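Residue numbering for the sequence shown follows this note's numbering, starting at 2 and increasing by one per position.
Quick reminder that beta carbons are idealized off the backbone N, C-alpha and C, glycines included.
The structure displayed is predicted, hence computed values, not measured ones.
Following: one structure in structure tokens, then a few remarks.
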Amino acid sequence: YKPQPQYTPYEHRRVFRACHRLLDELLGQGYPMLFDATNLTERNRRPVYAIARKRGVPLAIAVVTAPPEIVRQRLRDREAGLDPETWSDAGWDIHSRMAPAWEPVRRPHIAVDTSEDITPALRQVLDWVG
């Protein structure tokens, strides 16, 4: 069985609710966590902020971007099977549908443009979380 995601608001809520529960539980057990997710709106980011505050752990936010032409090419490569380690089947159509909903992150964050060397940003994240 291979799930067929629809990328609907309902599906998003269910998936993120499960992720937030797991994030909270594992942080509560003392595990350091990296939550890599498309959080387009502040409303969708608030549960992660609340979990970090509740657990008393540092929160480093990285806003990861790339120019549209690079995103489009990477998604084409993914669809062509050139990225065997990808877990998503979202293509340009999904990206184009979701992108207009993006709201800027209002909290301190690190901006990462993946069309450039990301090493400095990785170092900054590591320094930030100590």
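Below 9 Å between beta carbons: does that hold for residue i and residue j?
i: residue 62; j: residue 108; result: yes
i: residue 59; j: residue 21; result: no
i: residue 93; j: residue 72; result: yes
i: residue 67; j: residue 116; result: yes
i: residue 56; j: residue 25; result: yes
i: residue 99; j: residue 41; result: yes
i: residue 78; j: residue 84; result: yes
i: residue 106; j: residue 12; result: no
i: residue 33; j: residue 130; result: yes
Kindly indicate which three-state DSSP category residue i falls into: helix, strand or coil?
i: residue 95; result: helix
i: residue 106; result: coil
i: residue 114; result: strand
i: residue 2; result: coil
i: residue 17; result: helix
i: residue 25; result: helix
i: residue 35; result: coil
i: residue 11; result: helix
Taking all protein chains shown into account, decide if residue i is buried (16 or more other Cβ within 10 angstroms of its Cβ) or exposed.
i: residue 76; result: buried
i: residue 123; result: exposed
Residue i and residue j look like a contact to me (Cβ under 8 Å); what is the Cβ gap, rounded to whole Å?
i: residue 112; j: residue 64; result: 5 Å
i: residue 8; j: residue 95; result: 5 Å
Quick one: complete alpha helix (DSSP H) runs, 4+ long, within the region 38 to 87? Assignment of alpha helix (DSSP H) within the region 38 to 87, counting only whole runs of 4 or more residues, yields 43 to 56 and 69 to 80 in chain order.
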